[in-house]
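Engineer: Pasting a structure below so you can have a look.
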Amino acid sequence: MNVKLNDMKHNDEIEKKVEEVLSSLDGIKRAQPQPWLFSRIKARLAREQAEEQTVWGALGSFLSKPAVAIASLCVILLFNGILLFNQPAETPATIIAAQSEQSGSDSESYIASSSSFDFENLVQP
Amino acid sequence: MDEWTLIEQLKKGDEAAFRTIVDTWQDMVYNAALGIVQNAEDAEDIAQEVFVQVYHSVGSFKGDSKFSTWLYRIAVTKSLDHVRRKRRKKRFGFVRSLFGEDSEKPIDAPDFHHPGVSMEQKENAATLFKAINLLPENQRVAFTLHKLEGLSYQEVSDIMKTTVSSVESLMHRAKSNLQKKLEDYYKDKT
Numbered sequence: 085m086n087v088k089l090n091d092m093k094h095n096d097e098i099e100k101k102v103e104e105v106l107s108s109l110d111g112i113k114r115a116q117p118q119p120w121l122f123s124r125i126k127a128r129l130a131r132e133q134a135e136e137q138t139v140w141g142a143l144g145s146f147l148s149k150p151a152v153a154i155a156s157l158c159v160i161l162l163f164n165g166i167l168l169f170n171q172p173a174e175t176p177a178t179i180i181a182a183q184s185e186q187s188g189s190d191s192e193s194y195i196a197s198s199s200s201f202d203f204e205n206l207v208q209p
Numbered sequence: 272m273d274e275w276t277l278i279e280q281l282k283k284g285d286e287a288a289f290r291t292i293v294d295t296w297q298d299m300v301y302n303a304a305l306g307i308v309q310n311a312e313d314a315e316d317i318a319q320e321v322f323v324q325v326y327h328s329v330g331s332f333k334g335d336s337k338f339s340t341w342l343y344r345i346a347v348t349k350s351l352d353h354v355r356r357k358r359r360k361k362r363f364g365f366v367r368s369l370f371g372e373d374s375e376k377p378i379d380a381p382d383f384h385h386p387g388v389s390m391e392q393k394e395n396a397a398t399l400f401k402a403i404n405l406l407p408e409n410q411r412v413a414f415t416l417h418k419l420e421g422l423s424y425q426e427v428s429d430i431m432k433t434t435v436s437s438v439e440s441l442m443h444r445a446k447s448n449l450q451k452k453l454e455d456y457y458k459d460k461t
């Protein structure tokens with residue numbers, strides 16, 4: 085019985101304390117920053133502008149603009165699309181035929197170029 | 272000079288107008304950031320960032336909301352980003368310490384004492400701020416703006432881009448969560 089009474093008393097105390105803590109911000113005053121906030125903001129802006137004046141900084145800040153980044157992405161995608169849709173429809177067989185034809189002509193031209201070497205004008209040591 | 276004239280002048284790059292804007296709203300921005308990040312230096316950094324963003328993007332302010340609401344939104348977003356970054360850093364530090372890369376253990380945040388709290392409430396307020404820190408982001412923002420900035424539910428809902436009833440619900444949940452956390456804290460303590 086005594087333990088139960090003690091528990092109740094203890095819980096009441098906790099409840100009271102919690103209420104006290106919850107109302108501890110009533111009537112709180114606004115905190116103020118340091119007096120030189122404006123000077124710091126100005127210094128930060130000046131630093132940013134100095135960084136942007138360098139070529140790479142300017143390029144970086146230009147490319148990082150959302151409008152520029154999205155526009156660049158659209159242009160790349162557009163070019164990819166154009167290249168993809170403008171390719172002639174070739175079957176694998178014609179591609180292989182074209183490839184073998186091309187490799188044949190490559191070897192012929194190699195042979196032709198090696199045979200047309202100017203032996204007569206070759207300077208002998 | 273009224274709010275709109277100041278904004279129009281800042282859009283033209285007038286430095287005096289920018290100075291007046293900073294002077295007028297710096298306490299509000301700083302106090303809102305301080306309530307969320309609970310660190311004076313970080314709040315000052317955030318206040319600077321807010322006004323730098325205002326300087327750059329004042330052109331995009333169309334006047335759909337009050338200027339102070341727009342400022343609060345920037346301050347809250349930047350403060351929450353800061354808290355998330357700090358938590359990520361803390362988690363990363365903990366993982367690194369597990370792998371023995373860094374022998375330093377993560378340090379628990381020290382008690383935060385808001386300078387606007389009266390001396391006799393100092394300890395209680397520090398305990399409450401610790402509990403506020405454990406709330407989910409939305410509840411934390413609503414509670415901080417309402418309790419620390421003294422804003423009405425309507426103003427809080429404008430800043431959070433939600434309805435008044437959502438703010439009421441957030442506040443109700445925030446209060447009951449805080450109550451539970453504080454009860455647990457004091458039960459563990461005794």
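Top to bottom, those sequences are chains A and B.
Start counting the first sequence at 85; every next residue gets the next number (our numbering).
Start counting the second sequence at 272; every next residue gets the next number (our numbering).
Where is the CB? At the ideal position from N, CA and C, for every residue including glycine.
Please read all numbers here as calculations on a predicted model, not as lab measurements.
For A:Leu143, would you say it is in contact with chain B, using Cβ-to-Cβ distances shorter than 7 Å as the test?
Structural biologist: The residue you call residue 143 of chain A lines up with position 59 of the first sequence. Cβ-Cβ to chain B under 7 Å: no for A:Leu143.
Engineer: Would A:Ile154 count as contacting chain B if we go by Cβ distances under 7 Å?
Structural biologist: The residue you call residue 154 of chain A lines up with position 70 of the first sequence. It does not: the Cβ of A:Ile154 has no partner Cβ on chain B nearer than 7 Å.
Engineer: Using beta carbons (cut-off 7 Å, strictly below), is B:Leu277 in contact with chain A?
Structural biologist: Here the question's residue 277 of chain B lines up with position 6 in the second sequence. No - not a single Cβ of chain A is within 7 Å of the one on B:Leu277.
Engineer: Can you tell which of B:Met390, B:Thr398, B:Lys458 and B:Lys446 has its C-alpha closest to the C-alpha of B:Asn409?
Structural biologist: By 1-based counting over the second sequence, the position of residue 409 of chain B is 138. When each option's Cα is compared against that of B:Asn409, the closest is B:Lys446.
Engineer: Count the other CB atoms within 10 Å of the CB of B:Gln392; is the residue buried (16 or more) or exposed (fewer)?
Structural biologist: For this step, residue 392 of chain B is matched to residue 121 along the second sequence. With 16 or more other Cβ atoms within 10 Å, it is buried.
Engineer: Hey, could you find the ends of the alpha helix (DSSP H) B:Lys458 is sitting in?
Structural biologist: Counted from its first residue, the second sequence places residue 458 of chain B at position 187. It spans Val435 to Lys460 - the alpha helix (DSSP H) in which B:Lys458 sits, taken as one unbroken run.
Engineer: Compare the C-alpha of B:Pro407 against each of B:Lys452, B:Glu420 and B:Asp382 and name the closest.
Structural biologist: Here the question's residue 407 of chain B lines up with position 136 in the second sequence. The option with the nearest alpha carbon to B:Pro407 is B:Lys452.
Engineer: From the DSSP output, in three-state form, read off B:Glu420 for me.
Structural biologist: Taking the first residue of the second sequence as 1, we reach residue 420 of chain B at position 149. It is coil, neither helix nor strand.
Engineer: To the nearest angstrom, report how far apart B:Glu394 and B:Arg356 are at their CA atoms.
Structural biologist: For the purposes of this step, residue 394 of chain B is taken as residue 123 along the second sequence, with counting starting at 1. For the purposes of this step, residue 356 of chain B is taken as residue 85 along the second sequence, with counting starting at 1. Taking the straight line joining both Cα atoms gives about 28 Å.
Engineer: Quick one: which chain A residues come within Cβ less than 7 Å of B:Asn409?
Structural biologist: By 1-based counting over the second sequence, the position of residue 409 of chain B is 138. Ordered by position in chain A, no residue passes the 7 Å Cβ test against B:Asn409, which lies about 19 Å from the chain.
Engineer: In three-state DSSP terms, what is B:Ile278?
Structural biologist: Your numbering for residue 278 of chain B matches position 7 in the second sequence. It is helical.
Engineer: Figure out for me which residue from B:Asn310, B:Asn302, B:Val323 and B:Ala311 has the closest Cα to the Cα of A:Arg124.
Structural biologist: By one-based count along the first sequence, residue 124 of chain A stands at place 40. Taking only the C-alpha atoms, the option nearest A:Arg124 is B:Val323.
Engineer: Within the same chain, show all residues whose beta-carbon is closer than 6 Å to that of B:Gln425, passing over the 5 residues directly before and after it, in chain order.
Structural biologist: Position 154 of the second sequence, counted from the first residue, corresponds to residue 425 of chain B. Cβ within range, chain order: Val435.
Engineer: Taking its Cβ as the centre, do 16 or more other Cβ atoms sit within 10 Å of A:Gly111, making it buried, or is it exposed?
Structural biologist: Here residue 111 of chain A is taken as the residue at index 27 of the first sequence, counted from 1. Exposed: under 16 other Cβ atoms inside 10 Å.
Engineer: Once DSSP output is grouped into helix, strand and coil, what is the label at B:Asn310?
Structural biologist: As a first step, residue 310 of chain B is located in the second sequence; it is residue number 39 there, counting from the start. Looking at B:Asn310 - three-state DSSP - the assignment turns out to be coil, as it is neither helix nor strand.
Engineer: Give me the Cβ distance between B:Gln297 and B:Ala288, rounded to the nearest whole Å; I'm assuming they're in contact under 8 Å.
Structural biologist: The residue you call residue 297 of chain B lines up with position 26 of the second sequence. The residue you call residue 288 of chain B lines up with position 17 of the second sequence. So it is not a contact: roughly 14 Å between Cβ atoms.
Engineer: For A:Leu106, go through chain B and note every residue whose CB falls closer than 8 Å to its CB, in chain order.
Structural biologist: The count along the first sequence starts at 1 and reaches residue 106 of chain A at position 22. Here the neighbours are Leu399, Lys446, Leu449, Gln450 and Leu453.
Engineer: Looking at C-alpha atoms only, which residue of A:Asn164, A:Ile98, A:Leu157 and A:Asn90 is the closest neighbour of B:Gln450?
Structural biologist: Numbered from its first residue, the second sequence carries residue 450 of chain B at position 179. Ranking A:Asn164, A:Ile98, A:Leu157 and A:Asn90 by Cα distance to B:Gln450 puts A:Ile98 first.
Engineer: Would you tell me roughly how many angstroms separate the C-alpha atoms of B:Phe338 and B:Asp459, rounded to the nearest one?
Structural biologist: Residue mapping note: residue 338 of chain B aligns to position 67 of the second sequence, counting from 1. Residue mapping note: residue 459 of chain B aligns to position 188 of the second sequence, counting from 1. About 45 Å.
Engineer: Mind checking whether B:Thr398 and A:Val102 have CB atoms under 7 Å apart?
Structural biologist: Translated into the one-based positions of the second sequence, residue 398 of chain B becomes position 127. Translated into the one-based positions of the first sequence, residue 102 of chain A becomes position 18. No, the pair does not count as a contact, with Cβ atoms beyond the cut-off.
Engineer: Looking at the C-beta of B:Trp341, does it have a partner C-beta in chain A at a distance below 7 Å?
Structural biologist: The sequence position of residue 341 of chain B within the second sequence is 70, counting from 1. By this cut-off, B:Trp341 is not an interface position.
Engineer: Verify whether the separation of the beta carbon atoms of B:Tyr343 and B:Ala303 is less than 7 Å.
Structural biologist: Taking the first residue of the second sequence as position 1, residue 343 of chain B is located at position 72. Taking the first residue of the second sequence as position 1, residue 303 of chain B is located at position 32. Yes. Within cutoff.
Engineer: By the criterion of Cβ-Cβ separation under 7 Å, what are the contact partners of A:Leu129 in chain B?
Structural biologist: In the first sequence, residue 129 of chain A corresponds to position 45, counting from 1. What A:Leu129 touches in chain B: Val323 and Tyr326.
Engineer: Given that B:Leu416 touches chain A, what residues does it touch there, using C-beta distances under 8 Å?
Structural biologist: Working through the second sequence from its first residue, we reach residue 416 of chain B at position 145. Correct list: empty, because the minimum Cβ distance to chain A is about 12 Å.
Engineer: Take the Cβ of B:Thr415 as the centre, count every other Cβ of all protein chains shown within 10 Å, and call the residue buried at 16 or more, exposed below.
Structural biologist: Counted from its first residue, the second sequence places residue 415 of chain B at position 144. It counts as buried.
Engineer: When you compare the CB of A:Tyr194 with every CB in chain B, is at least one pair closer than 7 Å?
Structural biologist: Position 110 of the first sequence, counted from the first residue, corresponds to residue 194 of chain A. With a pLDDT of only 48 at A:Tyr194, under 50, the local geometry of the prediction cannot be trusted, and no value is derived from it.
Engineer: Under the rule that 16 or more other beta-carbon atoms within 10 Å means buried, what is B:Phe400, buried or exposed?
Structural biologist: Numbered from its first residue, the second sequence carries residue 400 of chain B at position 129. Buried, by the Cβ-count rule.
Engineer: Which class does A:Pro150 belong to by DSSP, given the choice of helix, strand or coil?
Structural biologist: For the purposes of this step, residue 150 of chain A is taken as residue 66 along the first sequence, with counting starting at 1. It is helical.
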